[in-house]
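As they're listed, the protein sequences go chains L and R. FYI, our numbering numbers position 221 of the first sequence as 227, with every residue one higher than the one before it. FYI, our numbering numbers position 175 of the second sequence as 181, with every residue one higher than the one before it. All C-beta atoms, glycine included, are put in the ideal place defined by N, C-alpha and C. Keep in mind that this is a model prediction, so the values were computed, not measured. The structure appears right after this line, and notes come after that.
2 protein chains.
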Amino acid sequence: MKPLRRAVRAFPVLVAALLVAGASVSCSSSSNKSSSTGSGDLDTIAKERGLTPEDMKHALQQFVPPGKHDDYVMFASGGHAGQVLAIGMPSMRILKEIAVFTPEPWQGFGYGADWGDKALKDGNPAIPAGTDLTWGDTHHPALSETNGDYDGRWLYINDRANGRVGFVDLKDFRTKQIVAVPNIQTSHGGMFITPNSDYVHVSSAFPEPWPPGSYADVKDYKEKFRGASAWLKIDPATGRMDLSQSFEIELPPYNQDLADAGKLVSDGWGFIGSFNTEMATGGNMEGGKSLEAGASLNNFDYLHAINWKKAAEVAKAAGKTEEMNGIKVIRLKTAIDEGLIYMIPEPKSPHGADVDPSGRYIVVGGKLDPHVTIFDFNKIQAAIGKKDYEGTDPFGIPILKFESVLAAQVEVGAGPLHTQFDGMGHGYTSMFLASAVAKFTLGDDVVKTGEKPFTLVDTIKVNYNIGHLAITEGDTEHPEPKYLVALNKWSIDRFLTVGPLHPQNFQLIDLKGGNGPMELIADMPIGMAEPHYTQIIKADKLKALDVYPADTDSITMAPSKDAIKFGDEKVVRNGSEVEIWMTAQRSHFTPDIIRVKQGDHVKLHITNIEQTKDATHGFAIADYNIQASLEPGEVTNFDFVADKPGSYDFYCTEFCSALHLEMAGWLLVEPAASAVAAPGG
Amino acid sequence: MKPLRRAVRAFPVLVAALLVAGASVSCSSSSNKSSSTGSGDLDTIAKERGLTPEDMKHALQQFVPPGKHDDYVMFASGGHAGQVLAIGMPSMRILKEIAVFTPEPWQGFGYGADWGDKALKDGNPAIPAGTDLTWGDTHHPALSETNGDYDGRWLYINDRANGRVGFVDLKDFRTKQIVAVPNIQTSHGGMFITPNSDYVHVSSAFPEPWPPGSYADVKDYKEKFRGASAWLKIDPATGRMDLSQSFEIELPPYNQDLADAGKLVSDGWGFIGSFNTEMATGGNMEGGKSLEAGASLNNFDYLHAINWKKAAEVAKAAGKTEEMNGIKVIRLKTAIDEGLIYMIPEPKSPHGADVDPSGRYIVVGGKLDPHVTIFDFNKIQAAIGKKDYEGTDPFGIPILKFESVLAAQVEVGAGPLHTQFDGMGHGYTSMFLASAVAKFTLGDDVVKTGEKPFTLVDTIKVNYNIGHLAITEGDTEHPEPKYLVALNKWSIDRFLTVGPLHPQNFQLIDLKGGNGPMELIADMPIGMAEPHYTQIIKADKLKALDVYPADTDSITMAPSKDAIKFGDEKVVRNGSEVEIWMTAQRSHFTPDIIRVKQGDHVKLHITNIEQTKDATHGFAIADYNIQASLEPGEVTNFDFVADKPGSYDFYCTEFCSALHLEMAGWLLVEPAASAVAAPGG
């Protein structure tokens, strides 16, 4: 214990250092003092903690030591939380929650900072008018691809609830654009990207009255309701979707469901599963039966096969499309006449429609059928070439003969939904009812393990009620047979009880290179979302920025016209408009007092002039519902009316330095003469 | 491969089973097929994955096997994300994100369901008028206590940005109440609960003009600005805060900071650190200096010691308080006259003010002082008894003599902030500048290890820039010396890069029962929040519901008057008001068609009639910005105007069964004659 007065005398030097340099950071790796360990120690720990030999092995399979990095990143939809989760694998640690459709203040998305407010506002649909959406139901992420493999540049995700698609730039993990897809009210699994990121596709889940924006009763369902398959053109430089270069194809009022892009031999085609070809509309208190019954009558629904490369040509041709709500639409009759769409019978109430890495096999999981059904693209092409149809659907779309295009069926168990592939010739199908994953072989042209084709080879129980599953690099032409994640919808007793709303359960399964039985390693609770689907990319493909270049506008990723250097800060008043160019650095804003009059229009530009990794600041104003995250190098713009009189604290919301608490200032809003606030008391 | 036709014939039976029973769930534990393992296997895995012997040990210390439960639950504030995270320990898996101040659609908080909408709306401050807040900056969680120990019933958390306190019922992990604390614009660390949950305390961070609601310039800071210490009475039956039984004490316009409740010998007292006793207000473009400099001039700030038990008596006495904006306020002069408040000099720009488990020692971390300063409550009492003052502060509050109340100072390192205790006589202090945790001994009346009192005994580096830290059961009278979590503000290079906004880093440290050196086990990224503080409770103290009793209204936790049984569903029209009593069960809503006219006022009551654990449904309407989570047994109420004409899909948002996709219906909003939507095309 040192004498106090000596300590006090040391203050001024320390304070001076802090004020000039900000907090210093030692980046040397942590040292801890425990001695090195042997297997005896391991057994002791295992005994203390009740770990079996199996548990010990799994611990080593999952653990990523402090400071070491994960091998893969899983991008999981956040379901009705409206975001995307980036999760490191195998540790299953959440690296980031990326806000997409739902405002999120930690990232400053939707709380006054320009980039998020713009994305959210632009993402409101034109129809119905006056729709202001503050949530979404993210379902199917689609990572950008080059030559059929993930390239780590961009991510797209659909909104099940409101028929929208969001675009996340993986340079900064920010949502840069939300597109309200015209003529699509809702979407579900009909989301994929083409192998060179020409288009991101989304199709409707429930049809809506056409022309969209009109009203119709469900009594007129077959006549008046229609779905759509939307092909949204991706700008190859920026990743943004461009509606002016996009097109749609009108679809029958079935429920279009999971979809996938053709690849290699089937490149240029897309495949969309469907259910409710019965066109049931419920009405269980109007003399009808619930949709679950009405939509489960037929033994076959229809896999939609769409020739999108040809459709893109048709969309460019004069007179072949109608402009509807801002997008070119190929009406269904034109699509049939031009040979753009065919139906393939698929048993039954299918969920998955998944193309294998070779592009030849399309696997369908009919959720009320204990088999997976495997179609052969070569046979599909031959059947189309020969016009080998069994007839047409009620809308005139040719139906290929089931037997003509079938490769095989494999009995897997109850409730097959979705299939992934390991690149070794195996498919892995989730089975909701069986709470299991089935592993089976495809055709002998792709099986690399010597196993018999089209045969069930392994099953593993999962906990519980699996929806989708995902394999490392699973939707590419080159999956890596390393890990499989089971996305289980129910967790029941697997975790501590945290109330009646239970987490979901992601289970990490070791694929052993595709050569051995599947092995469960770990459970991961998801207690902030209901993820529907994920894609998993090799970590080294991601090339995110760790700081923005100085003066970056994150909307354009170019220098901002409103960037300001330290010392050049200014406040310009023009009538009732007050424009402020402010800087932020450890540990102050300049200016730190903003004086306005009630009703003034405030335009505020803040440049975070730091270039140190992780030197994030935040900016919030009490009672004004404003909050932004200011990353190093970033320029953030705000535009608000100072409508509330009073003296308001503004402050840095991200703990930036030892004097972070002192990084604050005052918004002084002098009351208008007519509106002096009534004091309390 | 089975023949197709046979499979198809099996459908009707399977379908019938599904429709009646919903999805069945196998609750048997997962079996995997790998053989048992020995240490040879472990070494092979370690070699493949590059794990050192230390890493192997840490893996076993952290791993919780699939299906096994964690030992502790950490409740971490979510910072400017506005929520609370419940994290299992030692696995560091996020069990749930609990929405508090920010709307969150997965839980259905703030998207049309009554319970969340009400909490958010009631939480808007009265001053300034018209404030509609949709975010918060959660800082300091306070778990309810009985006899000085966490009891697992309730959780309170403050909003740094807007001066509010939220209440989470740990029966269902839902936010039930948000109180806009009158006369407090912002709060920071001044949050604690008294040892028998009589009061939850919060104090202001930045002062505001008094009387609150008035306007003042910061030029008149000392005269017109005031802080407050608020004592919010907790209803012992429900956990709700009751402003009518609460009181405040007016404080000088310093920045009140971290605070803690006395316990045992000091029970009845509260302690609040402060900084900026200089009363600096910045003004760096007005000829002044930034707050970080202006607020760092004095060698001592003041620890506020408040006799809350006596204050509670004074608040009840006639004529001792003023009613200000709905709460009784003890003005500062009264507080001084009644002997409710004393100042203790504390070096310097303190952050922490933490009471040890015995209640005798109060540890202050002056962030610009390399020591922790330890005060002795017995000496404080003696000094007050003798009126042994060195004078008064500028507002007349008696200042105790530093040397009279000091127990000791221990030099720990650069930037000490916050201290926790292990119940073995040690304090553990976070050091922001040093990026380290220091472990030191308290007085020999509490040291159980035979170590020398008031001595630094261990230091561990952390990565990087630690803010707070937390020990298992750390804020109670009986901490458990099991784990310490370092809440690091910067992660820099510790995780994969996910853009310029980096995660924070929670580090799990083994305390070895307080008897050995601290040992780092694992890093945990926090990529969705900036947690400020956490409390860690033994998991078996939590007694959350896993389903609601049938017909529960989650606001009252009693049966809802709007519960409905299956078969009794109804629609009642009364002029332009349409009231619907609906049921939800796997896999349909009844009714599944809602017919209204544009402009109708819709009152919808949905009873989830399931009682199966995890049988959650959701309810969302396309384009209507409505989303709720319907837990088993719950009755949820909605109240909205059908202002948008059209035919809208509504659907179950939580994957509930194999026929979940079919759990949907139609909201048919017939256009008003005057407002037929213009069709597109």
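Where does arginine 579 (chain R) fall in DSSP's three states?
Stepping through the second sequence from its first residue, residue 579 (chain R) is reached at position 573. Strand at arginine 579 (chain R).
Whole angstroms is fine: what's the gap from histidine 611 (chain R)'s alpha carbon to leucine 667 (chain R)'s?
As a first step, residue 611 (chain R) must be located in the second sequence, where it is residue number 605. As a first step, residue 667 (chain R) must be located in the second sequence, where it is residue number 661. Taking the straight line from one Cα to the other gives about 22 Å.
Could you check whether lysine 603 (chain R) and glutamate 536 (chain R) sit closer than 7 Å to each other, using their CB atoms as the reference points?
Stepping through the second sequence from its first residue, residue 536 (chain R) is reached at position 530. Stepping through the second sequence from its first residue, residue 603 (chain R) is reached at position 597. Against a cut-off of 7 Å, the Cβ pair of lysine 603 (chain R) and glutamate 536 (chain R) comes out as no contact.
Taking C-beta to C-beta, are isoleucine 350 (chain L) and isoleucine 403 (chain L) nearer than 7 Å?
In the first sequence, residue 350 (chain L) corresponds to position 344, counting from 1. In the first sequence, residue 403 (chain L) corresponds to position 397, counting from 1. Not a contact, by the Cβ cut-off of 7 Å.
I'd like to know whether the C-beta of lysine 63 (chain L) is nearer than 7 Å to at least one C-beta of chain R.
Sequence index remark: in the first sequence, residue 63 (chain L) carries index 57 (1-based). Yes, contact with chain R.
So if DSSP puts aspartate 248 (chain R) in a beta bridge, which residue, or which two residues, is it bridged to?
Counted from its first residue, the second sequence places residue 248 (chain R) at position 242. In DSSP, aspartate 248 (chain R) forms a bridge with R:Lys239.
Below 8 Å, can you find three or more Cβ-Cβ pairs linking the stretch 204 to 221 of chain R to the stretch 651 to 660 of chain L?
yes
In the structure shown, what three-state DSSP assignment does leucine 374 (chain R) receive?
The residue given as residue 374 (chain R) occupies position 368 in the second sequence. Correct three-state label for leucine 374 (chain R): coil.
What is the DSSP secondary structure of asparagine 469 (chain L), counted as helix, strand or coil?
Taking the first sequence and counting its residues from 1, the one referred to as residue 469 (chain L) is at position 463. Residue state, collapsed to three classes: coil.
Compare the C-beta of proline 259 (chain L) with all C-beta atoms of chain R and state if any pair is closer than 7 Å.
Within the first sequence, numbered from 1, the residue matching residue 259 (chain L) stands at position 253. It does not: the Cβ of proline 259 (chain L) has no partner Cβ on chain R nearer than 7 Å.
What three-state label does DSSP hand phenylalanine 281 (chain L) in the structure shown?
In the first sequence, the residue the question calls residue 281 (chain L) occupies position 275. Strand, per DSSP.
For a contact meaning CB atoms closer than 7 Å, what does tyrosine 221 (chain L) contact in chain R?
On the first sequence, residue 221 (chain L) is found 215 positions in, with the first residue counted as 1. Those are Pro651, Gly652, Ser653, Glu676, Pro677, Ala683, listed as they occur along chain R.
Could you tell me whether the Cβ of asparagine 168 (chain R) comes closer than 7 Å to any Cβ of chain L?
If you number the second sequence from 1, residue 168 (chain R) lands on position 162. For asparagine 168 (chain R), the answer is yes, since a Cβ of chain L falls inside 7 Å of its Cβ.
Using only CA atoms, which one of L:Gly473, L:Gln541, L:Asp451, L:His432 lies nearest to proline 487 (chain L)?
Counting from 1 along the first sequence, the entry for residue 487 (chain L) is found at position 481. Answer by Cα proximity: L:His432.
Around the C-beta of alanine 29 (chain L), are 16 or more other C-beta atoms found within 10 angstroms, so that it is buried, or is it exposed?
Numbered from 1 along the first sequence, position 23 holds the residue referred to as residue 29 (chain L). Unreliable placement is indicated for alanine 29 (chain L), whose pLDDT of 36 sits below 50; the coordinate value is still reported in the next sentence. Residue environment for alanine 29 (chain L): buried (at least 16 other C-beta atoms within 10 angstroms of its C-beta).
Write down every uninterrupted run of the beta strand (DSSP E) in the stretch 403 to 429 of chain R whose length is 3 residues or greater and which is fully enclosed by it, in chain order.
For the beta strand (DSSP E) assignment, the uninterrupted runs of no fewer than 3 residues enclosed by the stretch 403 to 429 of chain R are, from N- to C-terminal side, 404 to 406, 412 to 417, 422 to 427.
Over the uninterrupted alpha helix (DSSP H) stretch that includes lysine 322 (chain R), give me the two end residues.
As a working mapping, residue 322 (chain R) is identified with position 316 in the second sequence. Unbroken alpha helix (DSSP H) run through lysine 322 (chain R): 314 to 322.
Span of the alpha helix (DSSP H) holding tryptophan 121 (chain L)?
Numbered from its first residue, the first sequence carries residue 121 (chain L) at position 115. Element bounds for tryptophan 121 (chain L): 120 to 128.
Closest Cβ-Cβ distance between arginine 500 (chain R) and chain L: below 7 Å?
Walking along the second sequence from the start, residue 500 (chain R) turns up at place 494. For arginine 500 (chain R), the answer is yes, since a Cβ of chain L falls inside 7 Å of its Cβ.
Would glutamate 585 (chain R) count as contacting chain L if we go by Cβ distances under 7 Å?
As a first step, residue 585 (chain R) must be located in the second sequence, where it is residue number 579. Not an interface residue.
Taking proline 376 (chain R) as the reference, give the member of R:Pro356, R:Asn384, R:Thr140 with the closest Cα.
For the purposes of this step, residue 376 (chain R) is taken as residue 370 along the second sequence, with counting starting at 1. Of all alpha-carbon atoms in R:Pro356, R:Asn384, R:Thr140, the one lying nearest the alpha-carbon of proline 376 (chain R) is that of R:Pro356.
Rounded to whole angstroms, what is the Cα-Cα separation between alanine 476 (chain R) and alanine 318 (chain L)?
Against the second sequence, residue 476 (chain R) aligns to sequence position 470. Against the first sequence, residue 318 (chain L) aligns to sequence position 312. Rounded to the nearest whole angstrom, the C-alpha separation of alanine 476 (chain R) and alanine 318 (chain L) is 59 Å.
Going along the chain, which residues of its own chain have a beta-carbon closer than 6 Å to the beta-carbon of serine 36 (chain L), five neighbours each way excluded?
What you label residue 36 (chain L) is simply residue 30 of the first sequence in a count that begins at 1. At serine 36 (chain L), the pLDDT of 36 sits below 50, so the modelled position is not reliable and the matter cannot be decided from this model.
Here's the rule: buried if 16 or more other CB atoms are within 10 angstroms of the residue's CB, otherwise exposed. What is arginine 232 (chain R)?
As a first step, residue 232 (chain R) must be located in the second sequence, where it is residue number 226. Buried, by the Cβ-count rule.
Could you check what DSSP says for tyrosine 489 (chain R) in three-state terms: helix, strand or coil?
Reading the second sequence from its first residue, position 483 is the one you call residue 489 (chain R). Of the three classes helix, strand and coil, the one that applies to tyrosine 489 (chain R) here is strand, per DSSP.
Tyrosine 260 (chain R) lies in the beta strand (DSSP E); which residues open and close that run?
To locate residue 260 (chain R), count along the second sequence from 1; it is residue 254. Where tyrosine 260 (chain R) is concerned, there is no enclosing beta strand (DSSP E), given that its DSSP letter is neither H nor E.
How long is the line joining the alpha carbons of threonine 589 (chain L) and tyrosine 554 (chain L), rounded to whole angstroms?
Within the first sequence, residue 589 (chain L) is the residue found at index 583, counting from 1. Within the first sequence, residue 554 (chain L) is the residue found at index 548, counting from 1. Threonine 589 (chain L) and tyrosine 554 (chain L): Cα-Cα distance of roughly 15 Å.
Let me know the secondary structure DSSP gives serine 220 (chain R) once reduced to three states.
Here residue 220 (chain R) corresponds to residue number 214 of the second sequence, with the count starting at 1. Strand at serine 220 (chain R).
Check the Cβ of methionine 669 (chain L) against every Cβ in chain R and list those closer than 9 Å, keeping chain order.
Locating residue 669 (chain L) in the first sequence gives position 663, where the first residue counts as 1. Within chain R, the residues near methionine 669 (chain L) are Ser296, Leu297, Glu298.
Where phenylalanine 625 (chain L) and phenylalanine 572 (chain R) are concerned, what is the direct C-alpha to C-alpha distance, given to the nearest angstrom?
As a working mapping, residue 625 (chain L) is identified with position 619 in the first sequence. As a working mapping, residue 572 (chain R) is identified with position 566 in the second sequence. Rounded to the nearest angstrom, the two C-alpha atoms are 51 Å apart.
Could you spell out where the beta strand (DSSP E) holding alanine 105 (chain R) opens and where it closes?
For the purposes of this step, residue 105 (chain R) is taken as residue 99 along the second sequence, with counting starting at 1. Start and end: 99 to 105.
Compare the Cα-Cα distances from aspartate 143 (chain L) to each of R:Asn631, R:Pro651, R:Asn130 and report the closest residue.
Position 137 of the first sequence holds residue 143 (chain L). Answer by Cα proximity: R:Asn631.
Could you have a look at alanine 664 (chain R) and say whether DSSP puts it in helix, strand or coil?
Counted from its first residue, the second sequence places residue 664 (chain R) at position 658. Here alanine 664 (chain R) sits in coil by DSSP.
For tryptophan 672 (chain R), write down the residues that DSSP places opposite it in a beta bridge.
Locating residue 672 (chain R) in the second sequence gives position 666, counting from the first residue. For tryptophan 672 (chain R), which the question treats as bridged, DSSP gives the partners R:Ile599, R:Asp655.
At a CB-CB cut-off below 7 Å, which residues of chain R make contact with isoleucine 570 (chain L)?
For the purposes of this step, residue 570 (chain L) is identified with residue 564 of the first sequence, where counting begins at 1. None at all; the shortest Cβ gap to chain R is about 12 Å.
Measuring only between beta-carbons, confirm whether isoleucine 542 (chain L) sits less than 7 Å from chain R.
Start at 1 with the first residue of the first sequence, and residue 542 (chain L) comes out as number 536. Answer no: the Cβ-Cβ gap between isoleucine 542 (chain L) and chain R never drops below 7 Å.
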